[in-house]
Amino acid sequence: MRIVVTGGSGNLGREVMAALASLGHDAVSASRRTGVDLRTGAGLPASLAGADAVVHTADTLKPWEFREVTIGGTRRLGEAVASLDRPPHVIYISIVGVDHHPYAYYRAKYAAEMALRDLSIPVTILRATQFHSLAAALAGMRIGPVGLGVRGMAIQPVDIAWVGRRLAELASGPVPGSFARAPDLAGPDRFDAREIAGLVARHTGKSAPRRLDLPPIGATLRAFAEGVVLPGPNAEVGGARFADWLARQPRVLPRR
Ligand SMILES: NC(=O)c1ccc[n+]([C@@H]2O[C@H](COP(=O)([O-])OP(=O)(O)OC[C@H]3O[C@@H](n4cnc5c(N)ncnc54)[C@H](OP(=O)(O)O)[C@@H]3O)[C@@H](O)[C@H]2O)c1
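Per UniProt numbering, the sequence shown runs over residues 1 to 256.
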């Protein structure tokens, strides 16, 4: 199969590309460095020619680009797919809890899901929890010697390679009639902020920091404290454990 991976050069995209190649598929990355810009739609039609499926991982963490890339770019991709005689299956990576979370990036991810739902094309949404690298970065947040967190927040991070493999399997598997959701993915371990910060501190050779856990003031911190980003009972749990992932990382953790 010819499978286009938007953002195939990104952290997750590279995992998807590798998983597709190992399944024997022809995986093609589409992003700005290959001439495809989701902000404008430039290069999109040519990149989709002959595609059997599209795994959509390209995104931005720049808040001023959420509207144009996360939402507008996903809509432009969906419209380009819908204009084809034989629209390929679009598999979109999203985040657990985006439909109930006020954080601006999560709201944009949910709006992007809805933009795909509104088009009559085969779509599968796969939501995952935070990748191990992001969880480690959050756990390592400090001001000087003081570790920062949100009181009551827990996190259940997931192995990016497992998510990449699942996206590749979805892309090469059965095509839904229209809009579908795959079971959410989460890793095996749930941590509170103190526990995961302690693991990260030990790995980096620092002493466990004194903690400043902010009270959950405001809707966004409250949603984190209330566990909106945690998987529900129907989520699929698997992939490498956080501690095993951490043990494979250099002492100075790469920035996510
Ligand atoms: N990090 C997490 O914990 C987590 C958890 C669940 C889901 N996710 C989702 O996983 C996805 C991938 O995250 P990631 O960490 O792998 O991201 P990443 O490493 O930052 O990669 C982003 C990719 O998007 C491309 N891109 C950025 N702007 C673009 C534009 N205007 N047009 C076309 N391509 C563009 C980049 O390539 P160019 O620079 O070449 O354009 C790059 O390949 C995101 O959708 C994110 O929401 C992340």
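Ideal Cβ positions, reconstructed from N, Cα and C, are used throughout, including at glycine.
- Within the region 38-94, the beta strand (DSSP E) runs of at least 3 residues that lie entirely inside it are, in chain order, 53-56.
- Listed in chain order, the non-local C-beta contacts of Asp-99 below 6 Å within the same chain comprise Tyr-110, local neighbours out to five positions each way being set aside.
- It is roughly 45 Å from the alpha-carbon of Met-153 to the alpha-carbon of Arg-86.
- The C-alpha of Gly-177 lies about 12 Å from the C-alpha of Val-90.
- When DSSP states are grouped into helix, strand and coil, Gly-13 belongs to the helix group.
- Taking Leu-170 as the centre and dropping the five residues before and after it, the same chain places the C-beta of Ile-91, Thr-124, Leu-126, Ala-182 closer than 7 Å to its C-beta, in chain order.
- In this structure, the C-beta of Asn-234 stays at least 7 Å away from each heavy atom of ligand 1.
- Pro-122 and Asp-52 have their C-alpha atoms roughly 11 Å apart.
- For Val-146, the CB contacts under 8 Å within the same chain, skipping 5 residues up- and downstream, are Pro-209, Arg-210, Arg-211, Leu-212 in chain order.
- With fewer than 16 other beta carbons inside 10 angstroms of its own, Leu-61 counts as exposed.
- Within 10 angstroms of the beta-carbon of Pro-102 lie fewer than 16 other beta-carbons, which makes it exposed.
- A buried status is given to Ile-71, since no fewer than 16 other beta-carbon atoms sit within 10 Å of its beta-carbon.
- The beta carbon of Gly-97 lies closer than 6 Å to those of Val-228, Val-229 in the same chain, with the five residues before and after it left out.
- Note on geometry: alpha-carbon atoms of Thr-220 and Val-54 lie some 32 Å from one another.
- In chain order, Asn-11, Leu-12, Glu-15, Phe-131, His-132, Ser-133 place their CB closer than 8 Å to the CB of Ile-160, counting only its own chain and leaving out the 5 sequence neighbours on each side.
- The C-alpha of Gly-164 is placed about 13 Å away from the C-alpha of Gly-238.
- Proximity of the beta carbon of Arg-33 to ligand 1 is indicated: a heavy atom of the ligand is located closer than 7 Å.
- Here the alpha carbon of Ser-120 sits roughly 42 Å from the alpha carbon of Asp-244.
- Per the DSSP secondary-structure output, Asp-26 pairs in a beta bridge with Arg-2.
- If you check the C-beta of Val-36 against ligand 1, you find a heavy atom less than 7 Å away.
- Here Ser-47 is buried, its C-beta having at least 16 other C-beta atoms within 10 Å.
- As DSSP reads the structure, Arg-166 sits in no beta bridge.
- Straight-line measurement puts the Cα of Pro-233 at about 30 Å from the Cα of Gln-249.
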